[in-house]
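A.B. asks: The sequence shown begins at 797 in my numbering and counts up by one.
Idealized CB from N, CA, C, for every residue including glycine.
All of these numbers come straight from a predicted model, not from anything done at the bench.
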Amino acid sequence: MTLYSIILPTYNEKENLPIITWIIDEVMKKSDLSYELIVIDDNSPDGTGEVAKRLQSIFGENKIILKPRSGKLGLGSAYLHGLKFAKGDFVIIMDADLSHHPKFIPEFIRLQKQHDYDIVTGTRYALNGGVSGWDLKRKLVSRTANYIAQILLRPKASDLTGSFRLYKKEVLQDLVSRCTSRGYVFQMEMIVLASSLGYKIGEI
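And the structure:
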């Protein structure tokens, strides 16, 4: 059975982590999908790391892999860190704050299988797309950044700054080895680079 490695960077997600972990487990079991959840906690002062350890005791250490870091070192480097421990042939990256609903993971996987995409990325700008929990200012900044990037860079994706994606592991390894960004610009650089290298990108 194909294994999917889900990388989940966390910082002060004590309340959200148990919820998203439970939802991921339910979604993957119902869809008969094998997974591991790699939690990259950046030394959260709210005790997120301790919560992750308790989740390990509930779901099993083979299912919840905790790989903490010493401090807040950036989103891009969190994915890079998690990738070192990923055993699956495919890697899913998503946020822990419930802005990305795990119910869409099977749709990502189905689309990837249908077209053999190297990357499937979630878009907030397609019909029925969107994001929960964002205020108007954050939404406007995101839309403006994506609009400018579309004009200047002409990538093959409508949402460059989103962080809900599925990658073939070897593709993700190639891209992170080439990327120079390590903060939130990392997401944009990854998808633009993938487009320039000719990787097949699907959207959902």
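Span of the beta strand (DSSP E) holding S801?
C.D. replies: 799-806
A.B. asks: Tell me, to the nearest whole angstrom, how far the beta carbon of I915 is from that of L962; I am working on the premise that it is less than 8 angstroms.
C.D. replies: 7 angstroms
A.B. asks: Would you kindly check if the distance between the Cβ of N839 and the Cβ of G867 is under 7 angstroms?
C.D. replies: yes
A.B. asks: Taking 8 angstroms as the limit between beta carbons, can you name the residues of its chain near H911, skipping five residues before and five after?
C.D. replies: K996, G998
A.B. asks: Closest by CA to A990, which one among T919, Y913, Y807?
C.D. replies: Y913
A.B. asks: Keeping to the same chain, check which residues put their C-beta closer than 8 angstroms to that of F900; ignore five residues upstream and five downstream.
C.D. replies: G918, F960, I1000
A.B. asks: Taking 7 angstroms as the cut-off, decide whether the C-beta atoms of K863 and I836 are in contact.
C.D. replies: Here K863 is near I836, since their CB atoms are less than 7 angstroms apart.
A.B. asks: May I have the straight-line CA-CA distance separating T817 from N858, to the nearest angstrom?
C.D. replies: T817 and N858 have their C-alpha atoms spaced approximately 14 angstroms apart.
A.B. asks: DSSP state of V927, grouped into three classes?
C.D. replies: Residue placement at V927 is poorly supported in this model, since its pLDDT is 49, which falls under 50; the coordinates still yield a value, given next. Looking at V927 - three-state DSSP - the assignment turns out to be coil, as it is neither helix nor strand.
A.B. asks: Are the CB atoms of K825 and D885 nearer to each other than 7 angstroms?
C.D. replies: Taking C-beta atoms as the reference points, K825 and D885 fail to come closer than 7 angstroms.
A.B. asks: Reducing DSSP to helix, strand and coil, say where I819 ends up.
C.D. replies: helix
A.B. asks: Figure out for me which residue from G878, R865, M984 has the closest Cα to the Cα of P841.
C.D. replies: When each option's Cα is compared against that of P841, the closest is R865.
A.B. asks: Under a Cβ-count criterion, where at least 16 other Cβ atoms within 10 Å of its own Cβ denotes burial, should K883 be classed as buried or exposed?
C.D. replies: The residue is exposed, with fewer than 16 neighbouring Cβ atoms inside 10 Å.
A.B. asks: What did DSSP end up calling I1000 once you bin it into helix, strand or coil?
C.D. replies: coil
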